[in-house]
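Numbering (my numbering), first residue to last: 8 to 265.
Just so you know, even glycine gets a beta-carbon here, dropped at the ideal spot from N, CA and C.
Data first, discussion second: the structure below is written as structure tokens.
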Ligand code: PEP
């Protein structure tokens, strides 16, 4: 296994925070802080209404902009939804799909996550697919089974070529927004399992070139240990991504790996 085959990636998930005006203010702070970072990719996934402002503000910088979800259909009667083509046209390059908050509060299933991921990949978006077990599933010792199943279904009918745009984010549900992160050993174990599933489906080369992130209360204090694990290639960051100083510490920790 060779971690240096993968460029670290730090993704901020702003969730339902920041108006367009506040989004520009945050980026005004963040952009100079991470300007020197060149070995780590940085994406901020902002609310839909902030996308245009964020794309405009980050033009010419090392920060890319993504959305937090996408619908599987190209257009039609899906009130409140947004298509991949709409995201592309305004300059979003990436999207998160299958976040546990979408699965828990908005009824998304492994099957709808797969459909959304495929629509995003067909459109050429970098697609960050979230998987992760609940506390009950971990306590029942079914983490590998649950995460393995989520990963396999999410990747159904995704081609080997499309894997170049796939990122898997392992996010234990019990660690998201709780301040309780997985231990480095727990996170590494599940990320390695995810890589082994990718290896079984797509072979060694693709598994070694796919970014697998950890997410779940990653912060300025715990990021270095997590990011140094052999199968953790970056982070999906919620709360700390709203604090430019903390987010910068995480980005720089990723940049210092290898
Ligand atoms: C997330 O929302 O994906 C996340 C990991 O949140 P937090 O970092 O706040 O736990």
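Check: Going by alpha carbons, who is nearest to residue 28 out of 64, 50, 45, 39?
Finding: Position 21 of the chain shown, counting from 1, holds the residue named residue 28. Nearest option by C-alpha distance: 64.
Item checked: Contact test: residue 100 Cβ vs ligand 1 heavy atom, cutoff 8 Å -> To locate residue 100, count along the chain shown from 1; it is residue 93. False, no ligand heavy atom lies under 8 Å from that Cβ.
Note to self: Am I right that residue 226 and residue 253 are in contact with their C-beta atoms under 8 Å? What's the rounded C-beta distance?
What the structure shows: Stepping through the chain shown from its first residue, residue 226 is reached at position 219. Stepping through the chain shown from its first residue, residue 253 is reached at position 246. Contact between residue 226 and residue 253 holds: CB atoms are separated by about 6 Å, below the 8 Å threshold.
Notebook entry, point to check: What span of residues does the alpha helix (DSSP H) with residue 73 cover, start to end?
Noted result: One-based indexing of the chain shown puts residue 73 at position 66. Careful: residue 73 lies outside any alpha helix (DSSP H), inside the beta strand (DSSP E) at 70-74.
Next item on the list: Alpha carbon to alpha carbon, how far is residue 94 from residue 117? Give it in angstroms, no decimals.
Entry: Sequence index remark: in the chain shown, residue 117 carries index 110 (1-based). Sequence index remark: in the chain shown, residue 94 carries index 87 (1-based). Residue 117 and residue 94 have their alpha carbons spaced roughly 22 Å apart.
Item checked: residue 146: first and last residue of the uninterrupted alpha helix (DSSP H) it sits in -> Here residue 146 refers to the residue found at position 139 when the chain shown is read from its first residue. Looking at the DSSP string, the run of the alpha helix (DSSP H) that includes residue 146 is 142-146.
Check: Looking only at C-alpha atoms, which of 20, 41, 30, 171 sits nearest to residue 256?
Finding: For the purposes of this step, residue 256 is identified with residue 249 of the chain shown, where counting begins at 1. When each option's Cα is compared against that of residue 256, the closest is 41.
Next item on the list: Tell me whether residue 162 sits in a helix, a strand or coil according to DSSP, three-state version.
Entry: Along the chain shown, one-based indexing puts residue 162 at 155. Coil.
Notebook entry, point to check: Excluding the five sequence neighbours on either side, which residues of its own chain have a C-beta within less than 7 Å of the C-beta of residue 44, listed in chain order?
Noted result: Here residue 44 refers to the residue found at position 37 of the chain shown. So the qualifying residues of the chain are 69, 258, 259, 262.
Margin query: In the DSSP assignment, the beta strand (DSSP E) including residue 173 goes from what residue to what residue?
Written below: Along the chain shown, one-based indexing puts residue 173 at 166. Residues 173-177.
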